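Please read the structure below before turning to the comments.
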Amino acid sequence: MVFQPRVEEELHLHSTTYTIGEHPVAPHVPYGQEGRQGIVYQLISQKEAASRWKALKVFRHQYKDPKQVYLSEQIRDFATFPGLSVCERVILTPQQHGELLSKHRDLMYAVVMPWIEGPTWMDVILDKRVLSRADCLTLARSLAKVLSTMEQQGLAHCDLSGPNLILPGLIKDHIEDDFSYVELVDVEQLFGPGLERPDVLFAASPGYSLPQISQTGLWSKYADRFSGAILLAEIVGWYDETVREAAWGESYFNPEETPHSTKRYPLLLDSIRNYWGEEIASLLDRAWNSKELNECPTFGEWLLALMDVEEEGESGSQKQRITNKSMIQTTIPQVVIPLTDLETERMLAPEVLKAGENAQGDFANLPVIYKKMELAKQWEEQGEWERAIEIYRTVQKQLEPQHALAQDLWMIIAELETRIKSTQLLREEKAFQSTAAKRTEFQSNIGKKQLVIGMAVALFLVAVSGLMWVHERNKTQAVIAMQMEQHVEKEKQDKEARERLEKETWEQGKVTKKLQEVALQQEQQAKAKAEGDTKANAEQGKKEQTNEQQTQKIATIVKTEKNKKDLQVKEEAQRKTRAEKGTPTKISLHTQEKDKVGVQPKSSTSKPKQPTLIPRERAGKWGFVELDSVGATNIVIDYQYDYALAFSEGFAVVKQNGKFGYVNTSGQVVIPLNYDWASSFQNGKATVKKDGENVVINPQGIELHIE
């Protein structure tokens with residue numbers, strides 16, 4: 159996780175400026191709480207009250223999930239339920255928080271939610287903190303109410319445990335409306351109607367799960383039945399001192415003994431039966447001996463049983479809070495610079511300072527403890543380990559044995575004693591070696607036999623001391639090596655998981671990009687094809703319309719010529735009839751002679767009848783057809799040209815291989831196809847384009863020079 163904020167560093171979210179909070183007992187260190195999936199930092203608003211502070215949960219790389227955005231939208235309404243305030247959350251996304259994420263890219267898909275102040279149930283167990291009967295009953299009732307409400311809505315937390323249960327009721331001086339004495343956190347695995355199953359399910363928390371599901375994780379509406387029963391039993395049982403002293407560590411039960419404990423479970427069951435009654439004890443026994451989660455009691459049963467318990471004169475408003483136990487499990491940082499009284503006082507949390515004013519508990523002497531710790535650290539760095547141990551033991555006597563710092567001091571003292579012992583063994587080995595050398599030199603004058611005996615004795619002594627020293631050294635080195643190996647292996651696994659996830663993400667992005675490119679290319683091709691088809695259809699329709707118009711025009715011309723010829727034939731027949739009936743007069747003879755003279759030249763100069771040909775296009779090629787009397791078409795000139803115009807004065811313009819020329823009605827090329835462009839003949843002339851210039855030609859293809 160690369161995100162490393164500084165104390166009082168500003169973050170701007172939704173028109174509000176927040177700063178990173180400072181750890182209560184570690185100056186200049188950001189206040190962060192580490193969990194399975196990441197670290198939760200405290201965000202302090204510059205304008206709002208402490209009750210409106212926020213928590214920023216930054217996930218490790220392998221747990222960043224874009225689906226958190228959808229999940230947060232689905233569970234936002236659950237924030238109104240008691241104990242589920244953290245469901246009021248906002249996910250940092252590039253669309254909504256681009257400016258912030260461009261500066262801190264590791265905040266991608268981080269969660270902003272309410273900051274819940276108070277110790278966790280795990281803190282209470284580790285500190286063996288004393289709780290009154292009223293405290294235990296109030297916390298148990300509140301937890302049963304939260305879990306019963308969730309169960310009625312078909313919801314389940316799916317990872318109930320001590321670290322995920324915060325107890326704000328233990329630090330509140332007064333209770334507001336809708337206040338819950340307990341709050342659940344880490345709701346990323348929440349089960350509910352319409353919620354999707356998480357891609358990664360964590361193994362159930364040790365000490366709060368059945369062995370058959372502890373390693374595989376669980377996600378169902380019954381997931382909280384067993385773990386919730388254990389939490390409720392721990393809370394009510396914590397009133398008994400024998401139960402507190404028998405607690406294993408972070409939880410009351412050792413994870414390996416669940417559910418087959420032969421000591422802790424009978425002790426807890428008897429304590430609950432004695433202090434809280436048979437009904438609550440029977441609920442725990444049903445859950446403990448269940449084979450399946452749905453066989454455990456419902457939380458409604460737990461709530462009814464707890465509501466029937468009498469408080470015996472104690473009420474929630476009369477709770478006496480125990481402040482002489484540390485609520486923060488952070489080891490005091492070791493600094494070589496001595497602290498002033500003012501600096502020491504600034505390092506303490508507000509509740510610690512309040513306890514110190516009354517000179518009660520371990521924290522009354524905390525400034526002195528800090529100074530002694532710094533002095534012992536200086537002696538330790540100078541190699542004066544005995545003096546350092548002496549000071550550490552003095553500090554240790556001022557603390558309760560269960561205090562986190564006292565437990566750390568045990569380990570520090572043990573390590574220093576191991577160093578001292580190893581140094582002494584090394585010195586003894588050197589002394590033995592020196593003594594053996596002197597004895598060898600002295601006994602060399604006595605005799606060979608005594609020399610051999612002396613050397614044997616010396617070697618034996620050296621071997622014994624060496625073996626002792628080697629044994630201790632190997633033991634220490636083995637512990638250190640094992641720790642280093644575990645650390646290296648963990649880093650290696652994290653690195654491999656991170657690299658594997660990054661590789662999969664990169665490959666998936668690459669495939670997605672390629673698919674998008676292919677889809678875009680196909681879309682462009684389809685669009686171009688559609689446009690081409692539309693254009694081709696339009697051109698084809700235009701060509702067909704032009705051909706049809708030309709055909710109609712030619713048909714009209716043919717019909718007109720035919721009518722004209724028929725009329726001429728009829729008039730000629732009538733004229734002949736009149737000539738045959740009467741005797742020709744002088745005038746009529748003159749007229750007949752004139753007509754004869756006029757007709758004979760016409761018949762002698764008339765040209766043979768030419769067929770009427772029409773240009774047609776088929777399959778991209780042009781040819782010429784002839785229409786008969788019934789309108790049928792006969793192909794006269796085959797479809798072989800790229801383009802063709804109608805006949806004019808016995809010639810038609812055709813195009814082939816990019817060049818223009820002329821053909822006659824028989825289909826013969828009378829003027830070669832040598833022109834870049836050509837027009838139809840009009841009045842015995844046509845215009846053509848050759849070598850970039852327009853010229854005029856006659857029907858023989860001879861260029862005419864027109865001035």
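Residue numbering for the sequence shown is 159 to 865, as defined by this note's numbering.
No residue lacks a Cβ here, since even glycine has one placed at the ideal position from N, Cα and C.
These figures come from a predicted structure and were not determined experimentally.
| query | Between the Cα of Arg402 and the Cα atoms of Leu426, Tyr797, Glu414, which residue gives the shortest distance? | reply | Within the sequence shown, numbered from 1, the residue matching residue 402 stands at position 244. Considering only alpha carbons, the answer is Leu426.
| query | Just how far apart, CA to CA, sit Gln540 and Val187? | reply | One-based indexing of the sequence shown puts residue 540 at position 382. One-based indexing of the sequence shown puts residue 187 at position 29. One C-alpha to the other measures close to 27 Å.
| query | Taking only runs of the beta strand (DSSP E) that begin and end inside the region 216-250, which ones reach a length of at least 3 residues, in chain order? | reply | none
| field | Residue range of the unbroken beta strand (DSSP E) whose run includes Asn792 | value | For the purposes of this step, residue 792 is taken as the residue at position 634 of the sequence shown. Here the beta strand (DSSP E) through Asn792 covers 791-799.
| query | Which class does Ile860 belong to by DSSP, given the choice of helix, strand or coil? | reply | The count along the sequence shown starts at 1 and reaches residue 860 at position 702. Ile860: coil per DSSP, three-state reduction.
| request: Taking Ile795 and Gly781 to be in contact with their CB atoms under 8 Å, please state how far apart those CB atoms are, rounded to whole angstroms. | output: As a position in the sequence shown, residue 795 is number 637, starting the count at 1. As a position in the sequence shown, residue 781 is number 623, starting the count at 1. Confirmed, about 5 Å.
| Burial state of Arg263, where buried means 16 or more other Cβ atoms lie within 10 Å | One-based indexing of the sequence shown puts residue 263 at position 105. So Arg263 ends up on the exposed side.
| message | I want to see whether chain C comes within less than 8 Å of Ala677, judged by CB atoms only; does it? | response | Absent from the structure is chain C; it holds one protein chain and no more.
| query | For the region 307-317 against the region 198-206, are there 3 or more C-beta pairs whose distance is under 8 Å? | reply | no
| Per DSSP, the bridge partner or partners of Lys847 | The residue you call residue 847 lines up with position 689 of the sequence shown. According to DSSP, which records beta bridges pairwise, Lys847 is partnered with Trp835, Asn852.
| task | Go ahead and pull the three-state DSSP assignment for Glu180. | result | Numbered from its first residue, the sequence shown carries residue 180 at position 22. Glu180 falls in the strand class under three-state DSSP.
| message | Between which residues of its own chain and Ala655 is the CB-CB distance below 7 Å, once the five residues before and five after are set aside? | response | For this step, residue 655 is matched to residue 497 along the sequence shown. Cβ neighbours of Ala655 beyond the five flanking positions: Gln220.
| task | Give a yes or no on whether the C-beta atoms belonging to Gly190 and Tyr199 are separated by under 8 Å. | result | As a working note, residue 190 is residue 32 in the sequence shown. As a working note, residue 199 is residue 41 in the sequence shown. Taking 8 Å as the Cβ cut-off, Gly190 and Tyr199 qualify as a contacting pair.
| Would Glu399 be called buried (16 or more neighbouring beta carbons within 10 Å of its own) or exposed? | Residue numbering aside, residue 399 sits at position 241 when the sequence shown is read from its first letter. When all chains shown are included, Glu399 counts as exposed.
| task | Return the residue from the list Leu462, Val394, Glu354, Gly350 that minimises the CA-CA distance to Tyr433. | result | If you number the sequence shown from 1, residue 433 lands on position 275. Among Leu462, Val394, Glu354, Gly350, the Cα nearest to that of Tyr433 belongs to Val394.
| field | Three-state secondary structure assigned by DSSP to Lys668 | value | Locating residue 668 in the sequence shown gives position 510, where the first residue counts as 1. Lys668 falls in the helix class under three-state DSSP.
| field | Pick from Tyr820, Arg299, Glu647, Gly690 that is closest to Leu390, judged by C-alpha positions | value | By 1-based counting over the sequence shown, the position of residue 390 is 232. Of the listed residues, the one whose Cα sits closest to Leu390 is Arg299.
| query | Tyr871 and Leu325 look like a contact to me (Cβ under 8 Å); what is the Cβ gap, rounded to whole Å? | reply | The requested residue 871 does not occur in the structure, where the chain is confined to residues 159 to 865.
| Ala237 to Asp223, Cα distance in whole Å? | As a first step, residue 237 must be located in the sequence shown, where it is residue number 79. As a first step, residue 223 must be located in the sequence shown, where it is residue number 65. For Ala237 and Asp223, the distance between alpha carbons rounds to 21 Å.
| query | Can you tell me whether Met569 is buried or exposed, with buried defined as 16 or more other CB within 10 angstroms of its CB? | reply | For the purposes of this step, residue 569 is identified with residue 411 of the sequence shown, where counting begins at 1. So Met569 ends up on the exposed side.
| If you drop the 5 nearest sequence neighbours on each side, which residues of the same chain put their C-beta closer than 7 Å to that of Gly320? | The sequence position of residue 320 within the sequence shown is 162, counting from 1. So the list reads Thr278, Trp279, Met280, Ile283, Glu408, Ser409, once near-sequence residues are dropped.
| field | Bounding residues of the beta strand (DSSP E) (the contiguous stretch that carries His271) | value | If you number the sequence shown from 1, residue 271 lands on position 113. The question names His, yet the displayed sequence has Met at residue 271. 269-272 is the span of the beta strand (DSSP E), which, as asked, contains Met271.
| Of the residues Asp834, Ile233, Gly859, the one placed nearest Gly842, counting alpha carbons only | Here residue 842 corresponds to residue number 684 of the sequence shown, with the count starting at 1. Selected option, being the one with the closest Cα: Gly859.
| said: Quick check on Thr770: does DSSP put it in helix, strand or coil? | reply: In the sequence shown, counting from the first residue as 1, residue 770 sits at position 612. Looking at Thr770 - three-state DSSP - the assignment turns out to be coil, as it is neither helix nor strand.
| Does the beta-carbon of Ile438 have 16 or more other beta-carbons within 10 angstroms, so that it is buried, or is it exposed? | Counting from one through the sequence shown, the residue named residue 438 turns up at place 280. By the 10 Å Cβ count, Ile438 comes out buried.
| Thinking C-beta only, is Leu441 closer than 8 Å to Lys303? | Counting from 1 along the sequence shown, the entry for residue 303 is found at position 145. Counting from 1 along the sequence shown, the entry for residue 441 is found at position 283. In this structure, Leu441 does not lie closer than 8 Å to Lys303 by Cβ.
| query | Is there contact between the region 284-295 and the region 224-244, where contact requires at least three CB pairs shorter than 8 Å? | reply | no
| query | Using DSSP with H/G/I as helix, E/B as strand and the rest coil, what is Lys765? | reply | Taking the sequence shown and counting its residues from 1, one reaches residue 765 at position 607. Because Lys765 carries a pLDDT of 48, less than 50, the predicted location of this residue cannot be relied on, and no value is offered for it.
| query | By Cβ distance, which residues of its chain are closer than 6 Å to Ile120, with the 5 residues on each side in sequence left out? | reply | Given that the chain is displayed from residue 159 to residue 865, the structure contains no residue 120 and the question cannot be resolved.
| Taking Cβ to Cβ, would you say Val783 is nearer than 8 Å to Thr791? | Residue 783 sits at position 625 when you count from the first residue of the sequence shown. Residue 791 sits at position 633 when you count from the first residue of the sequence shown. Taking 8 Å as the Cβ cut-off, Val783 and Thr791 qualify as a contacting pair.
| task | Could you pull the start and end residues of the alpha helix (DSSP H) that Leu282 belongs to? | result | For the purposes of this step, residue 282 is taken as residue 124 along the sequence shown, with counting starting at 1. It is worth fixing the name first, because residue 282 is Val in this sequence and not Leu. Start and end: 279-285.
| task | Just grab the DSSP bridge partners of Trp780 for me. | result | Sequence index remark: in the sequence shown, residue 780 carries index 622 (1-based). Trp780 is bridged to Glu775, Tyr799.
| task | Alpha carbon to alpha carbon, how far is Arg287 from His170? Give it in angstroms, no decimals. | result | The count along the sequence shown starts at 1 and reaches residue 170 at position 12. The count along the sequence shown starts at 1 and reaches residue 287 at position 129. Roughly 39 Å between the two C-alpha positions.
| Among Glu354, Pro369, Trp396, which one has its Cα closest to the Cα of Ser385? | For the purposes of this step, residue 385 is identified with residue 227 of the sequence shown, where counting begins at 1. When only C-alpha atoms are compared, the closest one is Pro369.
| task | Please state whether DSSP places Glu354 in a helix, a strand or coil. | result | To locate residue 354, count along the sequence shown from 1; it is residue 196. Coil at Glu354, not helix or strand.
| So the beta strand (DSSP E) Lys330 belongs to, where does it begin and stop? | On the sequence shown, residue 330 is found 172 positions in, with the first residue counted as 1. Here Lys330 belongs to no beta strand (DSSP E), and DSSP marks it neither H nor E.
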